Amino acid sequence: MKKIIYCLLILGFLISCKECKSGQKEPEVSFEMEGVYSVHEGRIFKDLTKGDLSLDYGGICLEIQKPDAAVVRFVGLKEIKDISMKWSKVEEGKHKIEYHGNEAFLYDYEIWKGKGPYMILMLSLQNSKPSNDDTKQYTSVTKQFNSALDDCTSYTREEMSQESDPGPDN
């Protein structure tokens with residue numbers, strides 16, 4: 041009889057366990073520089089390419105690849121344009137992106153490795169890390185964990201095609 045009661049208690053516990061998903065683990069995420077990023081604002085890359093871009097774009101994705109390649113994807117509603125650039129580590133927390141002699145820099149900004157991880161970098165034309173308050177000197181770049189460049193493109197196009205919320209009527 042005791043065995044039956046213990047089995048029922050264990051079974052009841054397992055059924056009520058909210059975070060038990062039949063042994064599934066959360067996907068591993070990498071906090072290395074390599075990966076796909078969503079770029080918050082395009083002005084830094086526009087300055088870096090100095091008008092090499094004739095595409096009317098609404099969003100930008102960035103893929104950093106080993107050992108030293110970076111692909112900047114300018115996303116329009118109907119077309120995309122990829123531009124290859126070089127990247128390198130300058131020092132801990134600082135990386136350089138080069139395009140035809142022009143340079144931009146990526147700086148560590150916010151990294152959270154707990155539940156719901158995220159990694160946000162600063163993208164700036166300045167050789168030294170800008171102040172967090174000086175938002176005119178940088179734009180944020182957010183890592184898309186476990187994502188491919190095409191996934192970022194699809195997500196960016198989805199955001200572009202959504203109608204903006206007009207807000208409450210006053």
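Note that the numbering used here has the sequence shown beginning at 41, numbered continuously upward. A virtual CB, placed ideally from N, CA and C, is assigned to each residue, including glycine. This structure is a prediction, so every number in the text was calculated from the model and none was measured.
Practice task
Go ahead and pull the three-state DSSP assignment for Thr179.
Solution key: In the displayed model, Thr179 falls within a strand according to three-state DSSP.
Problem - 6 Å Cβ shell around Met162 - same chain, five flanking residues per side excluded - result: Once the five neighbours on either side are set aside, the close Cβ partners of Met162 are Tyr147, Tyr149, Tyr178.
Exercise for the section: Within the segment 62-121, note down every full alpha helix (DSSP H) run reaching 4 residues or more, in order along the chain. Expected result: Those alpha helix (DSSP H) runs which fall completely within the segment 62-121 and span 4+ residues are 83-89.
Problem - Where Leu165 sits in the DSSP three-state scheme - result: Leu165: coil per DSSP, three-state reduction.
Problem - Where Asp148 sits in the DSSP three-state scheme - result: Assignment of Asp148 by DSSP, reduced to helix, strand and coil, places it in the strand class.
Handout entry: N- and C-terminal bounds of the alpha helix (DSSP H) containing Glu198
Key = Taken as a continuous stretch (DSSP letters only), the alpha helix (DSSP H) holding Glu198 covers 189-201.
Exercise for the section: Whole angstroms is fine: what's the gap from Val111's alpha carbon to Trp152's? Expected result: Looking at the backbone, the Cα of Val111 and that of Trp152 are separated by about 25 Å.
Problem - Buried versus exposed, by CB contacts within 10 Å (16 or more), Glu198 - result: Exposed, because fewer than 16 other Cβ atoms sit within 10 Å of the Cβ of Glu198.
Handout entry: Supposed contact pair Val69 and Phe185 - C-beta distance, whole angstroms, cut 8 Å
Key = The pair is a contact, with the Cβ atoms about 4 Å apart (cut-off 8 Å).
Exercise for the section: Please go through the same chain and pick out, in chain order, the residues whose beta-carbon is closer than 6 Å to the beta-carbon of Ser180, but skip the five residues on each side of it. Expected result: Close CB contacts of Ser180 within its chain, under the 6 Å cut and outside five residues either way in sequence, are with His80, Ile160 (chain order).
Handout entry: His135 in three-state terms, based on DSSP
Key = Looking at His135 - three-state DSSP - the assignment turns out to be strand.
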